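Quick note: the sequence shown uses numbering that gives the first Met the number 0, first residue 0, plus one each step. In this text, a Cβ means the ideal position worked out from N, Cα and C, and glycines have one as well. Computed from a prediction, not measured in an experiment: that's the story for all the values here. Reading through the structure tokens given below for one structure.
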Amino acid sequence: MNKFKVRLREIREEGGLFQAQVADALGIARATYSNWEQGRREPGIDGIVALVNFFNVSAGYLIGTEN
Numbered sequence: 000m001n002k003f004k005v006r007l008r009e010i011r012e013e014g015g016l017f018q019a020q021v022a023d024a025l026g027i028a029r030a031t032y033s034n035w036e037q038g039r040r041e042p043g044i045d046g047i048v049a050l051v052n053f054f055n056v057s058a059g060y061l062i063g064t065e066n
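Following this line, the structure appears as structure tokens:
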């Protein structure tokens, strides 16, 4: 299972946010963010850094290499 997409959705929902809100905050299209959550695409390093900073989690947690 792709832990990235699962954790991305979990942390967004825990924050009470909609996909569009996160996408707007990151300056990306909602469809781009949705594709990340659905596992159809994965962000590049810049996207990972933006997500880590936005959600205040470690990259390891986000990609599933640490708890």
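Residue i: which of the options sits nearest, CA to CA?
i: R6; options: G26, A30, W35; result: W35
i: R50; options: G38, T64, A22; result: Position check: residue 50 holds Leu in this sequence, whereas Arg was assumed. Residue A22 is the option with its Cα nearest to L50.
i: K4; options: L16, P42, N66; result: P42
i: G26; options: R40, G15, D45; result: D45
i: N52; options: F17, A24, G15; result: A24
Sorted by chain position, which residues of the same chain lie with C-beta nearer than 6 Å to residue i's C-beta, five sequence neighbours on each side aside?
i: F54; result: I10
i: A19; result: R29
Give me the Cβ distance between residue i and residue j, rounded to the nearest whole Å; I'm assuming they're in contact under 8 Å.
i: G63; j: K2; result: 3 Å
For residue i, I'd like the list of residues in its chain whose CB is within less than 8 Å of its CB, leaving aside the five on either flank, ordered along the chain.
i: E65; result: S57, G59
Could you spell out where the alpha helix (DSSP H) holding residue i opens and where it closes?
i: F3; result: 2 to 13
i: T31; result: 29 to 37
Less than 7 Å between C-beta atoms, sequence neighbours within five positions excluded: which residues of the same chain meet that for residue i?
i: R8; result: E36
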